[in-house]
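Undergrad: This is the structure, below, for whatever I ask next.
In our numbering, the protein residues as written are 256 to 558.
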């Protein structure tokens with residue numbers, strides 16, 4: 256049903272009380288997802304651009320931007336996401352300069368990894384793909400979703416292609432040993448690009464990256480406010496500020512690379528099970544319930 260979201264699905268499957276409780280747990284999921292992306296981007300700015308700038312200053316600046324964007328409503332978010340997609344598509348073009356420095360021998364031998372190795376790597380790299388599950392919340396806002404399926408699949412294909420190209424170029428540019436000890440390999444590769452008028456092009460890239468990660472941040476925060484509105488009837492204007500304050504406070508304890516890395520790995524693992532276990536489980540439970548309902552209706556009609 257295009258007019259229903261995952262909150263309605265929870266109520267259908269688990270009842271109103273338990274369904275609302277499960278929906279509130281999802282607030283925590285979107286919260287930690289926003290926190291991880293938020294703290295990770297601040298760390299990049301601190302390491303690459305402003306090493307002496309305090310975390311709370313950058314956090315406060317970005318919190319203000321998020322508040323302004325989310326308080327503007329879903330239309331503003333949609334526009335932000337549009338420009339985020341446009342800027343993200345420029346990334347593979349920049350990687351052209353790295354291909355001529357690559358060594359294709361680095362990707363050999365191929366097909367020598369077990370299924371377990373592939374699943375383990377996908378679990379920890381899944382945070383790159385997280386965020387699309389916000390569709391469970393904003394699906395009712397999509398106009399005529401049944402007519403836009405092909406565009407959704409096209410978008411999925413382009414995103415998959417983009418990350419595949421990025422991964423391939425990274426693998427041929429870095430040796431396995433060097434890649435294991437390199438943080439932010441994409442930024443390291445961008446440093447290869449040189450222009451006579453620009454000394455540090457990675458600064459421009461980091462600023463552009465703001466337009467790519469900010470839509471995911473804002474959508475996660477908006478999803479928190481939307482769930483709270485549906486479950487508790489709390490207006491988004493009242494819940495938005497406390498959520499942002501909580502993100503601001505939660506950002507401060509993660510003040511070194513070890514803690515930030517711990518946060519990213521744990522959130523990636525939570526997201527892995529949410530996407531590949533919980534969402535399919537909801538689908539299976541809904542199919543079972545639908546079949547049971549159909550049998551009951553046929554029995555009643557027969558009587």
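C-beta: ideal position from N, C-alpha, C; glycine also. Just so you know, these numbers come straight off a predicted model, no measurement behind them.
Do residue 282 and residue 473 come within 8 Å of each other at the CB atom, strictly closer than that value?
TA: No, these two residues do not count as a Cβ contact at 8 Å.
Undergrad: Assuming residue 271 and residue 347 make a contact with CB atoms under 8 Å, what is their CB distance in whole Å?
TA: Not a contact, Cβ separation roughly 47 Å.
Undergrad: According to the neighbour-count rule (16 or more other Cβ atoms, all chains shown, within 10 Å of its Cβ), is residue 368 buried or exposed?
TA: Flag for residue 368 reads exposed.
Undergrad: Short check: CB of residue 606 to CB of residue 444, under 8 Å?
TA: Past the edges of the chain, shown from 256 to 558, lies residue 606, and the structure says nothing about it.
Undergrad: In whole angstroms, what separates the C-alpha of residue 392 from that of residue 355?
TA: Taking the straight line from one Cα to the other gives about 43 Å.
Undergrad: Can you tell me the Cα-Cα spacing of residue 324 and residue 331, whole angstroms?
TA: Looking at the two C-alpha atoms, the distance is approximately 7 Å.
Undergrad: Can you give the beta carbon distance from residue 303 to residue 461, rounded, assuming they're within the 8 Å contact cut?
TA: 6 Å between Cβ atoms; contact.
Undergrad: Got a sec, what are the start and stop residues for the alpha helix (DSSP H) residue 326 sits in?
TA: That residue, residue 326, is in no alpha helix (DSSP H); it is neither H nor E in DSSP.
Undergrad: Take the Cβ of residue 406 as the centre, count every other Cβ of all protein chains shown within 10 Å, and call the residue buried at 16 or more, exposed below.
TA: Result: exposed.
Undergrad: By the three-class DSSP mapping on this structure, what secondary structure does residue 397 have?
TA: Three-state DSSP puts residue 397 in coil, outside helix and strand.
Undergrad: Can you tell me the Cα-Cα spacing of residue 554 and residue 548, whole angstroms?
TA: The straight-line gap from Cα to Cα measures roughly 10 Å.
Undergrad: When burial is assigned at 16 or more other CB atoms within 10 Å of the CB, is residue 454 buried or exposed?
TA: Its Cβ having fewer than 16 others within 10 Å, residue 454 is exposed.
Undergrad: For the alpha helix (DSSP H) holding residue 377, just list the boundary residues, first then last.
TA: Counting along the chain, the alpha helix (DSSP H) containing residue 377 begins and ends at 370-380.
Undergrad: Excluding the five sequence neighbours on either side, which residues of its own chain have a C-beta within less than 6 Å of the C-beta of residue 375, listed in chain order?
TA: Correct list: empty, nothing qualifies.
Undergrad: Give the DSSP-derived three-state secondary structure of residue 297 in the structure shown.
TA: Looking at residue 297 - three-state DSSP - the assignment turns out to be helix.
Undergrad: Under a Cβ-count criterion, where at least 16 other Cβ atoms within 10 Å of its own Cβ denotes burial, should residue 276 be classed as buried or exposed?
TA: With fewer than 16 Cβ atoms within 10 Å of its Cβ, residue 276 is classed as exposed.
Undergrad: As a quick exercise: from 336, 327, 293, pick the residue whose alpha carbon is nearest that of residue 315.
TA: Residue 293 is the option with its Cα nearest to residue 315.
Undergrad: Is the beta carbon of residue 361 less than 8 Å from the beta carbon of residue 426?
TA: Their beta carbons are under 8 Å apart, which means residue 361 touches residue 426 by this criterion.
Undergrad: Do you know how far the Cα of residue 447 is from the Cα of residue 262?
TA: Distance between the alpha carbons of residue 262 and residue 447: 47 Å.
Undergrad: Is it the case that the Cβ atoms of residue 290 and residue 506 are separated by a distance below 8 Å?
TA: Yes, these two residues count as a Cβ contact at 8 Å.
Undergrad: Taking the DSSP output, what are the residues bridged to residue 463?
TA: Note: residue 463 sits in no beta bridge, so no partner.
Undergrad: Out of 495, 387, 509, 488, state which residue places its alpha-carbon closest to the alpha-carbon of residue 530.
TA: Selected option, being the one with the closest Cα: 387.
Undergrad: Would you kindly check if the distance between the Cβ of residue 357 and the Cβ of residue 424 is under 8 Å?
TA: Contact flag set, yes.
Undergrad: So the candidates are 288, 496, 341; which of them puts its Cα closest to the Cα of residue 521?
TA: Out of 288, 496, 341, 288 has the C-alpha closest to the C-alpha of residue 521.
Undergrad: Between the alpha carbons of residue 492 and residue 326, how many angstroms are there, rounded?
TA: Taking the straight line from one Cα to the other gives about 7 Å.
Undergrad: Alpha carbons only, please: which of 266, 259, 260 is nearest the one belonging to residue 544?
TA: The option with the nearest alpha carbon to residue 544 is 266.
Undergrad: Grouping DSSP H, G and I as helix and E and B as strand, with all else coil, what is residue 450?
TA: Looking at residue 450 - three-state DSSP - the assignment turns out to be strand.
Undergrad: Taking all protein chains shown into account, do 16 or more other C-beta atoms lie within 10 angstroms of the C-beta of residue 517, making it buried, or fewer, making it exposed?
TA: Classification for residue 517: exposed.
Undergrad: For residue 339, which of 540, 500, 414 has the nearest alpha-carbon?
TA: Among 540, 500, 414, the Cα nearest to that of residue 339 is on 414.
Undergrad: For residue 481, which residues from the same chain have a beta carbon less than 6 Å from its beta carbon, with the 5 sequence-adjacent residues on both sides left out?
TA: 392.
Undergrad: Hey, out of 401, 377, 486, 536, whose CA is closest to residue 523's CA?
TA: The residue with the shortest Cα to Cα distance from residue 523 is 377.
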